[in-house]
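Reviewing the structure listed below.
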Amino acid sequence: MNDPTENNELDQLISEYRGGTVSRRHFVKMAGSLGVGVAAAGSILAACGSDEAAAPATTAAPATTAAPATTAAPTTTAGPTRGGTLKEGYDLDFSKHDPITTNWYDPAFFAIYEALLTNDPDGNDNHQLATSFSKSADGMEYRFDIDPAGKFHSGKPADAAAVADFLTFFKATSFIATLAAPVASYESEGDQLVVKMNNPWVGALGPHKTGYFRVLCMDTWNEAGGMESTTYGTELADGTGPFTHEEFVPGSHVLVKRWDDYPGSNTEYFENKGAAHLDAIRWTFIPEASQRAVQLENGDIHTLKGPAPQDVSRLESNSDVTVYRFPEWSGYILTMNQDWDEYFGDVRVRAAIAHLIDREAMSDAVFFGDAVADYGPLPPTDKFYDPVVEEMITYDPAAAAALMTEAGWALNGDGIWEKDGTVLSFEFAVQAESINEAVATTASAMMREGGVDAKVNVVDRAVIFEKQATEGKGAAPMTLFYWLWPIPIDVLNLFVNSATIPFPNMSRANVPAIDAAMSAWTSAGTAEEGQAAQSAFQVAYCENVPYVPMVTRNAVFAKRNNVHGWQPTLWNLYPYYNDVWIEG
Amino acid sequence: MSFVESKIGPGESAPGPEKTPVLEIEDLRISIASAGSSFEVVKGVSLTVCENEIVCLVGESGCGKSMTALSVMGLLPRGVARVTEGKINYEGLDLLSLQSRELRRLRAESISMIFQDPITSLDPVFTIGSVLQEVVRSHRNVSRAEAKEIAVRALVQAELPDAADRLDSYPHQLSGGMRQRVMIALAIALDPRVLIADEPTTALDVTVQAQILENLRARQREREMGMLLITHDLAVVASVADRVAVMYAGEIVEEAPVEELFADPQHPYTQGLLRALPDISVSRAGLYSIPGRVPSPQTPPPGCLFAPRCEHVLDSCWEGNPELKREANRSLRCFNPQPFEVR
Amino acid sequence: MKHTASRLVYTVIVLFVSSVAVFYAIRLSGGDATAAALPGSATEEFREEFRDRLGLNEPIYQQYFTYMGRILSGDPGNSLTNNKALTTMLSEHGRNSLILGGTAFGLVFLVGVPLGIVASLRRNSWADQGIMSMSTVAMAVPNFWLALLAVWLFASRLGWLPSAGCCGPKHLILPAVVLAFEGIALTVRMTRSSMIESQNSDYVRTLRAGGLSEWRITCKHVLRNALIPIISLAGLRIGQIVGYALIVETIFGWPGLGQVLVNAVLRRDYPVAQFFSLVLVALVVVGNWVADTGYTIANPRLRKSS
Amino acid sequence: MTGIENSRSSHALAWDERVAAYEEEVRANPWRKRLREFTRNKLLFTGSLLGIAIVGLGLLGPLFLGSDYAGQSLRNTHLPPFTDGYFLGTDQYGRDLLVRLCIGIRVSLLVAAAITSIALVVGMVMGMCGGFLGGYVDRVVRSVTDFVWGFPLILVAVLLAGGLGQGLLPVILAVGIVNIAAITRVVRGEVVVLRTKEFVEAARASGVSNFRIMWRHLLPNVMAPALVLASYYVAVAIIAEAGLSFIGLGAQPPLPSLGKMVADGRGFLRLNHWESTVPGIGIAGLVLSVSLIGDGLRDVFDPQLRHEAKGVEKG
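Protein chains in written order, with my numbering: chain A, 13 to 596; chain B, 239 to 581; chain C, 190 to 495; chain D, 87 to 401.
Shown next as C-alpha cells:
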C-alpha cells in the first residue's frame with residue numbers, strides 16, 4: 013500500500029535532482045531511505061546524466077543506507093550462535109517500561125513487548141502479536157487473530173480478551189490514545205480482536221504499530237497498583253516480547269534477559285522462529301555525545317543509536333563498523349506560547365520569526381549535513397508531505413522585516429523590534445543536552461540577527477517540562493521542542509489541536525483551520541482523502557505558524573560487524589532483537 | 239675579684255700548660271650565602287680546648303659563636319653556611335677532611351653537643367627512652383636491655399628525677415629543665431671526650447639554670463672532658479669557665495684564663511661587657527650598655543670592627559684591623575688597650 | 190581522648206545542620222517532583238494527589254522531621270523515577286564510588302607522598318625542580334579538561350583504555366587518575382615543605398649530633414614528623430575527591446553516588462537527591478573526623494596530656 | 087653613652103654616614119626592597135608576566151577585535167587557528183575563538199573578583215570578630231567555618247544552583263561561601279596572636295573601643311596575610327567557576343565562560359581540538375599565573391614562610 017506514494021516521491025526526488033535543488037549525496041541518501049538499492053540509485057543517477065555518479069566516494073554512504081537490501085543475503089554462512097549480552101549505547105535517557113504511563117518509549121519496549129502489527133524493512137504491515145488480520149470493505153472494522161495459547165511473561169494468558177482489555181483501558185486513560193481517536197471500541201470475539209471504527213480511516217493501523225500500543229498484561233499492571241503503581245515499569249513489566257524486564261536505572265542503564273518460554277514470533281521477516289539468541293541486552297545511556305562513537309570504536313558497546321553528528325563520517329570509514337542513516341520521523345521546533353500575547357499574538361510576528369531561520373545553515377553547522385530542512389510540519393520524507401510548504405515560510409530576512417513593520421513594530425536602538433514599549437526580547441528555554449543547546453544557540457543567533465532577542469536559558473529536564481506545561485505566563489514564551497514519532501501527523505495533531513491546550517499544545521495554538529484539517533484527517537477513509545486533509549493541514553500550519561519548524565535530523569545507528577541480525581529501519585523507531593546474535 | 243669568687247663548685251686549680259689539647263680550631267672561616275651574595279660570619283677563629291678544661295666562648299648574638307660550634311660537629315646548615323678555610327683537629331684528626339660517615343661515628347661517641355632550646359630539640363613523636371637507646375645502639379653493638387641500661391644511667395647522671403620511669407615519656411610531658419637534662423643525658427651517654435654546649439641554660443628558668451650548670455660541670459670534671467661552652471652570659475662564664483674567649487663580629491678579640499680576664503679585661507669590648515653586668519653598674523647611674531650596634535655584614539667598618547663603638551678609638555683603628563696578639567697565656571686584638579675602670 | 194570525644198559531638202552537630210541545609214536547598218529548588226515520577230500526560234488532579242501522597246504539601250519543617258525519621262529508622266524511602274529502594278541504590282552505587290574514590294584517595298598519598306619526599310631529599314636538584322614545576326602546572330590544569338584530554342589521548346587516539354563505563358580495572362584507571370590528579374599535586378607540595386620543615390628542625394639537629402645516620406633520621410624521624418600534618422589534611426582531600434567525583438563520574442559514566450546525585454538533582458528526584466547529598470556530606474564530615482582522630486593518634490602531643 | 091659622640095673622628099662620621107645612608111635607603115622606602123625582591127623573585131616575575139599577558143588579552147583584546155562573542159558565521163565553523171583571518175579559529179557556530187577567549191577571561195576574572203571580594207570582606211570581618219572578641223562569638227565563627235570548610239565545593243554549588251537556578255550568581259555564592267571559611271580561619275589565627283601583643287593591650291588598657299582597635303590596629307596587620315591568601319583563592323575561584331560552568335551550572339549561553347567553552351568543544355576534539363584546547367589553556371594559564379603570583383607574594387610579604395619553604399634555617 014506504500015508503493016504508489018513511494019514511487020511518487022522517487023519521481024519527485026529525481027526531478028529535484030535534475031533541477032539541481034538536491035545534491036547528489038542528498039539524493040542517494042533519500043533514495044536509500046525510500047528503499048532503493050545502491051545499484052538502483054546508481055543507475056538512476058546515471059540516467060540523470062550525473063558525471064560523477066559512479067565515483068567510488070559516492071558508494072560509501074549508500075552502502076549503509078541501503079542496508080535493507082544487503083541483509084537479505086548475510087555474508088557469513090555460519091549460523092547464529094546463542095548467548096552473550098548485547099551492549100547497546102543509547103542517546104536518550106530511559107523512561108519507565110509501562111506503555112500506559114511512560115513519557116516516551118525506549119528500545120527496551122521492542123524487546124519486552126509486542127504490538128498487534130509492525131512494519132517490515134520495506135514499510136509494509138507485518139504481524140506481530142496478531143497472526144493475521146482483515147479489514148472490512150467499508151473500513152469500519154478490523155479483525156485480528158490472536159493465538160489463544162499466548163502467554164505473558166508472568167504466565168497469564170495473552171489472548172484476544174487480554175489484548176482487548178488492555179487496548180480498551182489504554183484508549184480510556186492515555187492521552188496518547190487520542191492518536192487513535194477514530195477507533196470506537198476494542199472487543200474480543202473468541203480468538204479475534206475486533207476493532208470497530210467511528211469512521212473509515214486510512215491511518216487506522218498506524219498508531220497500533222507504535223511503542224505505546226504495545227500490549228501489556230492488565231492483571232499484572234493492576235496488581236502492581238495500576239495508575240498509582242510505583243513498581244510497574246520500574247521493577248517489573250509483563251509483556252509478550254522475547255525478553256523479560258530485569259533492571260531499570262534511569263540515567264544509567266536498562267537490562268533485559270531472554271525469556272526462554274518465548275513461543276516464537278509471528279512476524280514473517282524475522283528469521284529466528286524461537287526464543288531469542290541473546291542471553292541479555294543492556295542499553296547504556298551515554299549522555300556525552302562524543303563518547304558514543306568512541307565507545308563503539310573501542311568495542312565497549314556493540315551497537316549504538318545516535319552518535320554525535322560530527323563522528324558519523326569517522327564511523328563510516330571504520331571497517332569494523334556499519335552505519336545506518338536515514339531521515340528520522342522527528343523535528344526540532346520552536347514553541348511560541350500565545351499566552352504571551354504581547355509577543356506572539358500576531359501571526360505576522362510568528363511568521364517573521366519563521367522567516368529568520370536559515371535551516372540549511374543549521375543543518376550543516378549542527379548536524380554536519382545529516383539533517384533536512386523543514387519548511388512545514390511534516391519532514392520531507394513523510395508520505396503525505398506537500399512541497400507547497402517550501403514556498404511559504406522560507407528563510408527570508410527581508411520578508412521578516414516587512415512583516416514586522418507591517419505589524420507595527422520598529423527596530424529600537426539595540427536593533428531589536430519594539431512596539432508600544434514592548435521589546436521583542438524574551439526567555440528561550442532549552443533542555444540541557446548538547447544538540448538541543450546547539451540548535452537553540454544557532455536559532456537564537458539567527459533571530460537576533462533579525463531583531464528578535466530570544467535569550468537562551470538552559471534548564472534541567474525537570475524544569476523544561478514546567479516551562480512548557482505551566483498555564484499562563486508561568487511557562488516560558490519560547491522553548492525548543494524535539495519530537496520523535498513514527499507517524500508524524502498523529503503526534504503533530506497533539507501539538508496543534510485546540511483541545512490539547514495547555515499541554516502538549518505548547519504554543520496554545522487555537523486555529524480553526526488546523527483543527528478542521530485534523531478532523532478531516534481522522535475521518536479520511538481513503539488515501540486521497542488522507543492526502544487532501546494533510547495538505548490542508550500543512551498549508552494551514554504554514555499560514556498560521558503555531559510553531560517554527562526547523563530541521564529533521566537523520567536517525568543514525570551503528571553496529572560493530574560481529575553483530576548480526578540487528579536491523580534498524582526507516583519505519584520503526586528501533587530495531588527488533590529477535591534475530592540478533594553476536595559472533596565470536 | 240668578686241666574679242671569680244662567685245664561681246660554683248669546687249674551685250680546682252686553673253688548668254696548667256701540661257694539659258693535652260683535645261680540640262684545636264685553627265683560622266676557621268665560615269661564609270653564609272644569602273640572596274645571591276655571601277659574607278663571612280666567622281673570620282679566622284682559632285681556639286683550643288684541652289682535657290678537663292671548660293672554655294667559654296662569649297659574645298653577643300650573631301657574633302658567630304654558634305656557627306663555630308656547629309662547624310665542629312659538622313652540623314652547619316647545608317647549602318647556607320660553609321667552612322671556607324681553616325682546620326678543626328680532634329685528637330689529631332682533621333674533622334673537616336673526614337668522610338661524613340667517619341664524622342658521624344665521632345659524634346656523641348667522641349664529641350657531643352647540647353643545644354639552646356630543649357623545647358624544640360627533642361623529637362616530639364618518640365619517647366625519650368627510644369631516642370636515647372637509638373643513639374646508643376647506633377654506636378655500640380649492644381642489646382636492647384644493655385642500651386636501656388646505658389640510657390637510664392645517663393639520665394641518672396643528668397639528674398633526671400625518676401629516670402627509669404621517664405623512659406616512656408614524650409618530650410611534651412616533661413618540663414624545660416627536665417628536657418635539658420635529657421639533652422645532657424644524650425650528650426654524655428657515650429662518654430665523649432669533648433662536650434659542646436650552646437647556650438644550654440638560656441631558655442630555662444633562673445632557678446633551674448644553676449642546677450643544670452652545676453650538673454654539667456660535675457660531669458665534665460668527673461670524666462675530664464674538654465668542654466666548649468657558648469654563652470652570652472658573663473655570670474655563667476664566671477661560674478664555670480677555666481678559660482674565656484670573647485668574640486665580636488666573627489673574630490676573637492680577647493682570650494684569657496677566667497680569673498685574669500675578669501681581673502684585667504683589656505679589650506674595650508670585653509670591658510664594655512663587664513661594665514654592662516648589672517651587679518657592677520647597679521650602684522652607678524643606671525644600667526650600662528655598649529653604645530651603637532654590631533656592624534651589619536653589608537656595611538663593615540673599614541678598620542677595626544669595633545672602632546665605631548669604641549671609647550678609645552684612634553685614627554689608626556679606622557685604617558686597619560689589628561692582629562690577635564698572643565702574650566703568655568692570653569691574647570688580644572687591639573691597637574689601643576686601656577686599663578679597665580669600673581665606673 | 191577528650192579531644193576526640195568533643196570532635197565526635199561536634200561531628201554529630203555538623204551532620205544535623207548539614208541535613209537541614211541539604212533538605213532545604215533541594216526542596217526549595219525549582220522544578221516539579223511529579224515531572225520525575227509521572228508521565229507528561231498525568232492530569233493536574235493526579236499530580237496534586239501524588240504530591241499529597243509524598244507529603245509535598247505539608248509544611249516544610251514537618252516534611253523534614255518525617256524525612257529524618259525515616260532515615261534514622263533505616264528506611265529512607267524509594268526513588269521517584271524507578272522506585273528502587275534508596276538503601277539498595279546506596280549499596281550498589283556506593284560500592285562503585287568507594288572503588289573509584291578509594292583508588293583516587295590511595296593514589297593521592299601513594300604517589301604524592303613519595304614524590305614529595307624525593308623532591309625534599311634532592312632539594313633544588315633537577316628532580317626536585319621537575320617535580321615541583323609539574324605539580325604547579327598540575328594544580329592549574331582543571332580536572333574536567335584533563336579528563337577530556339585523557340579520553341582523547343588514551344581512548345580515542347591510542348585506544349589503550351576504555352573511554353567510559355564500569356567497573357573493571359581498565360575502566361578505573363582514567364577516572365581514578367583524573368580524580369586524584371590535583372590531590373597528588375597538592376600532596377607533593379605539602380609533603381615537600383613538611384619534610385623540609387622537619388629536616389630543618391632542632392630535633393633533627395639533635396639526632397645528627399647524636400651520630401645517627403642521615404638515612405635513619407630521614408626514614409624514621411623526619412618522615413614520621415612530616416606525615417602528621419599530611420594526615421590532618423587527609424580529611425580535606427576526602428572532601429575534594431567527593432566534590433570532584435560529581436564531575437568525573439559524570440564524564441566517565443562511572444555509576445557512582447556522584448553521577449546518581451547529579452542526575453537526581455537534574456530531574457528533581459527529591460528522595461534520591463536529598464539522601465545521596467546527605468550521604469556524601471556525612472562521608473566528608475565523618476572522613477574529617479577520622480582524619481582528625483588519626484592526627485590525634487599520630488601526634489603524641491595530642492594523645493596524652495601530662 | 088654621651089661622651090663618645092663629642093670625640094667622634096672624621097672616620098667615625100664618615101662611617102656613620104655610610105651606615106645611615108644605607109639604613110635610610112632601606113627605611114625610606116620599604117617598598118623598594120619589596121620591589122627589588124619582586125623583580126628578583128622568579129615566581130612572581132614569571133607569574134606576573136603571564137598574568138599581565140592573559141589579563142591584558144582579556145581587557146584589551148576586545149578593544150581591537152570587537153566584543154561580538156555571540157556573532158555566528160555558520161559557513162565558517164570548526165576552523166583551526168590561523169584560518170581565514172581567525173587567529174585562533176572558530177567554534178561550532180563559527181564564532182571567533184579569540185574574541186570568545188578574551189570575553190571568557192573577562193568573565194572568569196569578574197567572577198573570581200566577585201568571589202574573592204566577598205570572601206575577603208566577610209572573612210576578615212568574621213575572622214577579626216572571632217579572634218578578637220573570643221568567647222561565644224569565636225565559638226560560633228569557628229563552628230561555622232569548620233562546617234563550611236570541609237564541604238565539597240561542587241556539592242554546595244550543585245545544591246545552590248538547584249535553589250537559585252543556573253547562572254553565575256549561585257556559582258559566586260557557593261564558591262564565595264567556601265572561600266569565606268578559608269580566609270576567616272587564617273585571619274582568626276593571626277588575630278589571636280595579635281591580641282596579646284603590646285600595642286593591642288595598650289590600646290585596650292587606655293579604653294579604646296573594640297571596634298576602633300579592630301579597625302585601626304588589627305586590620306592593617308592582618309591585611310597582608312589575608313591578601314596573600316586571597317591571591318590563592320582567586321585561583322580556586324577561577325577553577326571552581328570553570329568547573330561549574332563546565333557541568334552547565336555557570337554562565338548561560340551565548341556568554342562565553344572558559345569552562346563552558348571547554349564543555350562545548352569536547353564533542354569536537356577529533357575534528358578541531360582547539361575549540362576546547364584554547365579555553366583549557368586559558369584556564370590553566372590564568373590559574374598558573376595567579377598561583378605563581380600568590381607564591382611570590384608570600385615570599386615577599388612573609389619571608390619566614392619562604393625560609394621554611396626554601397629550607398633556610400631559622401635563628
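Ideal Cβ positions, reconstructed from N, Cα and C, are used throughout, including at glycine. Every value quoted in this text rests on a predicted model; they were computed, and no experiment measured them.
Legend entry - alpha helix (DSSP H) runs contained entirely in the region 335 to 391 of chain B, provided each spans 4 or more residues: Qualifying alpha helix (DSSP H) stretches, in chain order: 338 to 344, 366 to 377.
Legend entry - Local conformation of I184 (chain B) per DSSP, three classes: Residue 184 (chain B) lies beyond the range of chain B shown here (239 to 581); nothing can be said about it.
Inset, instruction - Could you tell me which chain C residues have their CB closer than 9 angstroms to the CB of S437 (chain A), listed as they occur along the chain? - result: The count along the first sequence starts at 1 and reaches residue 437 (chain A) at position 425. The contacting residues do not exist; S437 (chain A) stays about 22 angstroms from chain C at best.
Legend entry - Interface positions of the region 106 to 138 of chain A facing chain C (Cβ-Cβ less than 9 angstroms), listed along the chain: Here the close residues are F106, S107, K108, D110, I112, T113, T114, N115, W116.
Legend entry - Under 9 angstroms between C-beta atoms of L254 (chain D) and V197 (chain D): For the purposes of this step, residue 254 (chain D) is taken as the residue at position 168 of the fourth sequence. For the purposes of this step, residue 197 (chain D) is taken as the residue at position 111 of the fourth sequence. For the 9 angstroms CB-CB criterion, L254 (chain D) and V197 (chain D) form a contact.
Inset, instruction - Enumerate in chain order the residues of its own chain whose CB-to-CB distance from A199 (chain D) is below 7 angstroms, with the five nearest sequence positions on each side excluded. - result: For the purposes of this step, residue 199 (chain D) is taken as the residue at position 113 of the fourth sequence. Counting only Cβ-Cβ distances below 7 angstroms, and skipping sequence neighbours, we find nothing.
Inset, instruction - Go through its chain and collect everything with a Cβ distance to L275 (chain C)'s Cβ below 7 angstroms, but skip five positions before and after it. - result: The residue labelled residue 275 (chain C) in the question sits at position 86 within the third sequence. Taken in chain order, the residues that qualify are P265, G266, N267, S268, P460, V461, F464.
Legend entry - Per-residue DSSP class, three states only, for H257 (chain A): Mapped onto the first sequence, residue 257 (chain A) falls at position 245. Strand, per DSSP.
Inset, instruction - Compare the C-beta of S446 (chain A) with all C-beta atoms of chain D and state if any pair is closer than 9 angstroms. - result: To locate residue 446 (chain A), count along the first sequence from 1; it is residue 434. S446 (chain A) counts as touching chain D.
Legend entry - Contacts of N469 (chain A) in chain D (Cβ-Cβ under 7 angstroms): Sequence index remark: in the first sequence, residue 469 (chain A) carries index 457 (1-based). Going along chain D in sequence order, the residues near N469 (chain A) (Cβ under 7 angstroms) are Q338.
Inset, instruction - Apply the 10 Å Cβ neighbour rule to R37 (chain A) and answer buried if 16 or more other Cβ atoms are within range, or exposed otherwise. - result: Within the first sequence, the letter at position 25 stands for residue 37 (chain A). Low confidence applies to R37 (chain A): its pLDDT is 48, below 50, so where it sits in the model is not reliable, and the reading given next is rough at best. Flag for R37 (chain A) reads exposed.
Inset, instruction - With 9 angstroms as the threshold, decide whether the Cβ of Q322 (chain A) is near any Cβ in chain D. - result: As a position in the first sequence, residue 322 (chain A) is number 310, starting the count at 1. Taking Cβ atoms only, chain D reaches closer than 9 angstroms to Q322 (chain A), which makes this a yes.
Legend entry - Cβ-Cβ separation, R571 (chain B) to E557 (chain B) (assumed contact under 8 angstroms), whole Å: Here residue 557 (chain B) refers to the residue found at position 319 of the second sequence. Here residue 571 (chain B) refers to the residue found at position 333 of the second sequence. So it is not a contact: roughly 15 angstroms between Cβ atoms.
Legend entry - Interfacial residues, the region 309 to 324 of chain C to chain A, with Cβ spacing under 9 angstroms: Answer set for the region 309 to 324 of chain C: empty.
Legend entry - 9 angstroms Cβ cut-off: residues of chain C touching V575 (chain A): In the first sequence, residue 575 (chain A) corresponds to position 563, counting from 1. Within 9 angstroms Cβ-Cβ: nothing; V575 (chain A) doesn't reach chain C, min ~18 angstroms.
Inset, instruction - Would you kindly work out how many angstroms separate the C-alpha atoms of L543 (chain B) and N559 (chain B), rounded to a whole number? - result: If you number the second sequence from 1, residue 543 (chain B) lands on position 305. If you number the second sequence from 1, residue 559 (chain B) lands on position 321. Using only the alpha carbons, I get a separation of about 7 angstroms.
Legend entry - Under 7 angstroms by beta carbon: chain A residues contacting A68 (chain D): Nothing can be reported for residue 68 (chain D), as the shown portion of chain D is limited to 87 through 401.
Inset, instruction - For C294 (chain B), count neighbouring Cβ atoms within 10 angstroms of its own Cβ and tell me buried if that reaches 16, exposed if not. - result: The sequence position of residue 294 (chain B) within the second sequence is 56, counting from 1. With 16 or more other Cβ atoms within 10 Å, it is buried.
Inset, instruction - Reducing DSSP to helix, strand and coil, say where N330 (chain A) ends up. - result: Here residue 330 (chain A) refers to the residue found at position 318 of the first sequence. Note: N330 (chain A) maps to coil in three-state DSSP.
Legend entry - Option nearest L338 (chain C) by Cα separation, candidates C:I215, C:I320, C:G372, C:V366: If you number the third sequence from 1, residue 338 (chain C) lands on position 149. The closest CA to that of L338 (chain C), considering only C:I215, C:I320, C:G372, C:V366, is found on C:V366.
Legend entry - Cβ-based neighbour list, V335 (chain A), same chain, cut-off 8 angstroms, excluding 5 preceding and 5 following: Taking the first sequence and counting its residues from 1, the one referred to as residue 335 (chain A) is at position 323. Answer for V335 (chain A): T76, V324, L327, E328, V568, F569, A570, listed in chain order.
Legend entry - Buried or exposed by the 16-neighbour rule on C-beta atoms within 10 Å, applied to E372 (chain B): Translated into positions along the second sequence, residue 372 (chain B) becomes position 134. Flag for E372 (chain B) reads buried.
Inset, instruction - For Y398 (chain A), name the three-state secondary structure that DSSP assigns. - result: By 1-based counting over the first sequence, the position of residue 398 (chain A) is 386. Note on identity: in this sequence residue 398 (chain A) is Asp, with Tyr being the wrong assignment. In the three-state scheme derived from DSSP, where H, G and I count as helix and E and B as strand, D398 (chain A) is classed as coil.
Legend entry - Residues of its chain near A466 (chain A), where Cβ-Cβ distance is below 6 angstroms and the 5 sequence neighbours each way are ignored: Locating residue 466 (chain A) in the first sequence gives position 454, counting from the first residue. Setting aside the 5 residues that flank it on each side, A466 (chain A) is surrounded in the same chain by F440, S456, M459, M490, each with a C-beta closer than 6 angstroms to its C-beta; the list follows chain order.
Inset, instruction - Step through the CB atoms of chain B and report whether any lies within less than 9 angstroms of the CB of R384 (chain D). - result: Locating residue 384 (chain D) in the fourth sequence gives position 298, counting from the first residue. At a cut-off of 9 angstroms between beta carbons, R384 (chain D) makes no contact with chain B.
Inset, instruction - Let me know the secondary structure DSSP gives C572 (chain B) once reduced to three states. - result: For the purposes of this step, residue 572 (chain B) is identified with residue 334 of the second sequence, where counting begins at 1. Residue state, collapsed to three classes: coil.
Inset, instruction - With a cut-off of 8 angstroms on the beta carbons, I'd call A514 (chain B) and V496 (chain B) a contact; round off their distance for me. - result: If you number the second sequence from 1, residue 514 (chain B) lands on position 276. If you number the second sequence from 1, residue 496 (chain B) lands on position 258. At roughly 18 angstroms, the Cβ-Cβ gap does not stay under 8 angstroms, so A514 (chain B) and V496 (chain B) are not in contact.
Inset, instruction - Take the Cβ of G180 (chain D) as the centre, count every other Cβ of all protein chains shown within 10 Å, and call the residue buried at 16 or more, exposed below. - result: Mapped onto the fourth sequence, residue 180 (chain D) falls at position 94. Counting Cβ neighbours within 10 Å, G180 (chain D) comes out buried, since at least 16 surround it.
Inset, instruction - Using a Cβ cut-off of 9 angstroms (strictly closer), state whether Y155 (chain D) contacts chain B. - result: For the purposes of this step, residue 155 (chain D) is identified with residue 69 of the fourth sequence, where counting begins at 1. Judged by the 9 angstroms Cβ criterion, Y155 (chain D) is not in contact with chain B.
Inset, instruction - Give me the Cα-Cα distance between R259 (chain C) and Q303 (chain A), rounded to the nearest whole angstrom. - result: As a working note, residue 259 (chain C) is residue 70 in the third sequence. As a working note, residue 303 (chain A) is residue 291 in the first sequence. Going from the Cα of R259 (chain C) to the Cα of Q303 (chain A) covers about 39 angstroms.
Inset, instruction - Please look up how many angstroms separate the CB atoms of S487 (chain A) and Q480 (chain A), rounded, as I've assumed it's under 8 angstroms. - result: As a position in the first sequence, residue 487 (chain A) is number 475, starting the count at 1. As a position in the first sequence, residue 480 (chain A) is number 468, starting the count at 1. Looking at the sequence itself, residue 487 (chain A) is Ala, so the reference to Ser does not match. About 6 angstroms; that satisfies the 8 angstroms criterion.
Legend entry - Nonlocal neighbours in the same chain, by C-beta distance under 8 angstroms from R461 (chain B), ignoring five residues either side: Counting from one through the second sequence, the residue named residue 461 (chain B) turns up at place 223. Result list for R461 (chain B): I426, D429, in chain order.
Inset, instruction - Could you name the residues of chain D that T469 (chain B) contacts, counting a contact when the two beta carbons are closer than 8 angstroms? - result: The count along the second sequence starts at 1 and reaches residue 469 (chain B) at position 231. Residues of chain D passing the Cβ test: none, with the nearest at roughly 16 angstroms.
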